[in-house]
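Chains as they are written, first to last, in the numbering used here: chain A, 14 to 315; chain B, 3 to 191. Glycine included, C-beta positions come from ideal geometry on N, C-alpha and C.
Shown next as structure tokens:
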């Protein structure tokens with residue numbers, strides 16, 4: 014194999030020879046490909062210096078061909094929504110183990126499309142829509158691409174740079190995401206110390222009981238994130254507003270619970286419409302100090 | 003997403019076993035060189051290199067005027083342009099000759115006629131308004147594309163301008179050299 018990887022003219026011939034030998038030795042095609050992969054990889058790496066092959070055959074350059082992995086027909090498919098802003102564009106997640114890619118023909122992949130796909134397709138996979146992460150110790154391809162079937166927002170596979178790169182924020186040990194907290198932490202002296210969730214919940218419960226008993230709910234506050242809305246904020250919102258019943262509660266970027274633009278709602282104008290249809294039907298949209306294209310890209314385009 | 007590495011890992015062979023990937027690489031592209039890329043710790047991918055193709059005489063390029071060419075497939079529309087200021091990946095005496103794909107890396111709309119010489123900028127794309135800085139490897143200035151505009155890697159051979167590769171994946175493709183007719187390589191049969 015080490016020899017066959019070096020000459021372009023004879024590569025296919027040699028592979029064919031090897032396959033004939035393998036077949037006569039009773040090796041299945043699948044096992045043969047597996048053996049070739051293992052042997053070939055070792056051979057290639059053995060001849061590698063700085064990651065480029067030291068191969069001198071052929072007139073090719075030293076630039077590697079960009080590729081993406083294609084989800085196989087049995088990939089796990091899950092719907093999701095972009096969690097970066099309140100517009101909530103639709104996306105689809107595809108998961109499959111590394112090494113079990115689908116093919117470029119429609120019948121060979123989970124997207125049901127032939128590659129290359131056409132302009133304005135919702136099925137193209139940008140390299141940044143893909144990631145390889147470990148799931149239960151298994152290297153797994155995770156791809157998050159726009160949902161081409163959405164009926165209200167990001168129709169036809171439109172996507173922002175934020176939603177298009179959702180898979181890039183998955184945890185990996187070897188990039189910036191390794192900074193992510195793995196456990197709750199408690200501030201002891203000058204240090205933050207990792208603790209288990211059970212302990213964290215118990216500590217919060219004990220201190221809350223003490224504060225509520227001694228100072229009342231006025232002394233118990235909650236500052237929480239609010240995007241992704243009701244589904245993901247339900248537990249914290251219910252705890253703060255129903256169970257504890259504190260007025261000291263603030264979502265997102267606000268110091269307290271109030272309008273985005275004080276006074277505007279009182280005058281009959283909603284600063285933050287609850288329905289996309291309102292945006293589409295509006296005769297005049299006034300924005301100040303913000304680029305609508307930058308901050309709510311998809312809504313602007315639609 | 004990928005970074006080149008020389009390190010091999012035994013666990014890769016045990017865990018990943020990219021049988022399919024390697025086999026496809028060999029069968030589909032007998033020509034060119036093999037290159038190994040790391041896609042994650044312990045996970046590698048074998049790919050090939052691009053052909054070298056002559057696209058123009060350097061002297062034929064006029065500052066600020068895009069020159070159209072096809073590479074590495076006849077279905078890939080690209081342009082070369084002399085920016086008039088040094089650029090990342092620029093070649094020629096002033097290091098200001100660069101080349102890029104015409105397909106917007108957001109959703110593939112054609113960027114023809116959108117070059118703005120004053121800002122070395124391609125765009126805004128007529129579909130969703132993405133803009134790209136041609137002096138900085140096609141990086142996104144503003145807009146929706148999730149990767150830079152794919153840059154055609156150039157070399158100069160005497161007075162000839164050669165295309166020798168593509169940095170980035172061209173819109174629509176799963177692989178820049180599969181799914182179309184290759185252009186004729188330099189000195190190719």
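Residue i versus residue j: straight-line alpha-carbon distance, rounded
| i | j | result |
| --- | --- | --- |
| residue 97 of chain A | residue 167 of chain B | 35 Å |
| residue 58 of chain B | residue 292 of chain A | 49 Å |
| residue 102 of chain B | residue 164 of chain B | 13 Å |
| residue 298 of chain A | residue 305 of chain A | 10 Å |
| residue 171 of chain A | residue 83 of chain A | 20 Å |
| residue 143 of chain A | residue 230 of chain A | 46 Å |
| residue 98 of chain B | residue 124 of chain B | 15 Å |
| residue 79 of chain A | residue 119 of chain B | 28 Å |
| residue 153 of chain B | residue 217 of chain A | 53 Å |
| residue 94 of chain B | residue 72 of chain B | 20 Å |
| residue 78 of chain B | residue 314 of chain A | 27 Å |
| residue 106 of chain A | residue 178 of chain A | 12 Å |
| residue 309 of chain A | residue 94 of chain A | 15 Å |
| residue 127 of chain B | residue 115 of chain B | 10 Å |
| residue 250 of chain A | residue 153 of chain A | 34 Å |
| residue 215 of chain A | residue 279 of chain A | 42 Å |
| residue 219 of chain A | residue 233 of chain A | 13 Å |
| residue 66 of chain B | residue 138 of chain B | 16 Å |
| residue 202 of chain A | residue 208 of chain A | 15 Å |
| residue 121 of chain B | residue 81 of chain A | 32 Å |
| residue 257 of chain A | residue 117 of chain B | 59 Å |
| residue 188 of chain B | residue 180 of chain A | 39 Å |
| residue 99 of chain A | residue 148 of chain A | 29 Å |
Residue i vs residue j beta-carbon contact at 8 Å
| i | j | result |
| --- | --- | --- |
| residue 155 of chain B | residue 91 of chain B | yes |
| residue 160 of chain B | residue 105 of chain B | no |
| residue 83 of chain B | residue 55 of chain B | no |
| residue 186 of chain A | residue 43 of chain B | yes |
| residue 147 of chain B | residue 174 of chain A | yes |
| residue 307 of chain A | residue 142 of chain B | no |
| residue 166 of chain A | residue 101 of chain A | yes |
| residue 51 of chain B | residue 130 of chain A | no |
| residue 76 of chain B | residue 182 of chain B | yes |
| residue 145 of chain A | residue 110 of chain A | no |
| residue 176 of chain B | residue 235 of chain A | no |
| residue 247 of chain A | residue 265 of chain A | no |
| residue 312 of chain A | residue 289 of chain A | yes |
| residue 133 of chain A | residue 140 of chain B | no |
| residue 134 of chain B | residue 151 of chain B | yes |
| residue 48 of chain B | residue 38 of chain B | yes |
| residue 60 of chain B | residue 162 of chain B | yes |
| residue 245 of chain A | residue 149 of chain B | no |
| residue 68 of chain B | residue 178 of chain B | no |
| residue 169 of chain A | residue 104 of chain A | no |
Residue i - containing alpha helix (DSSP H), residue span
| i | result |
| --- | --- |
| residue 310 of chain A | 310-314 |
| residue 293 of chain A | 289-294 |
| residue 227 of chain A | 210-228 |
Exposure of residue i, with buried meaning 16 or more beta-carbon neighbours within 10 Å
| i | result |
| --- | --- |
| residue 210 of chain A | exposed |
| residue 19 of chain A | Residue placement at residue 19 of chain A is poorly supported in this model, since its pLDDT is 34, which falls under 50; the coordinates still yield a value, given next. The residue in question, residue 19 of chain A, is buried, as its Cβ has 16 or more Cβ neighbours within 10 Å. |
| residue 108 of chain B | buried |
| residue 272 of chain A | exposed |
| residue 113 of chain B | buried |
| residue 158 of chain B | exposed |
| residue 276 of chain A | exposed |
| residue 89 of chain B | buried |
| residue 81 of chain B | buried |
| residue 40 of chain B | buried |
| residue 136 of chain A | buried |
| residue 92 of chain A | exposed |
| residue 70 of chain B | exposed |
| residue 205 of chain A | exposed |
Span of the beta strand (DSSP E), counted from its first residue to its last, around residue i
| i | result |
| --- | --- |
| residue 154 of chain B | 153-159 |
| residue 165 of chain A | Per DSSP, residue 165 of chain A belongs to no beta strand (DSSP E) and is neither H nor E. |
| residue 109 of chain A | 103-110 |
| residue 137 of chain A | No beta strand (DSSP E) holds residue 137 of chain A; DSSP gives it neither H nor E. |
| residue 167 of chain B | 162-169 |
| residue 132 of chain B | Where residue 132 of chain B is concerned, there is no enclosing beta strand (DSSP E), given that its DSSP letter is neither H nor E. |
| residue 90 of chain A | 89-94 |
| residue 103 of chain B | 99-103 |
| residue 207 of chain A | 204-207 |
| residue 183 of chain A | Neither: residue 183 of chain A is in no beta strand (DSSP E) and is coded neither H nor E. |
| residue 70 of chain B | 69-72 |
| residue 47 of chain B | 45-53 |
| residue 235 of chain A | 235-237 |
Discussion item. Can you confirm whether the region 123-132 of chain A touches the region 82-100 of chain A when touching is taken to mean that 3 or more C-beta pairs between the two stretches lie within less than 8 Å?
Written reply: yes
Worksheet entry | Cβ pair count under 8 Å reaching 3, the region 193-208 of chain A against the region 151-170 of chain A | no
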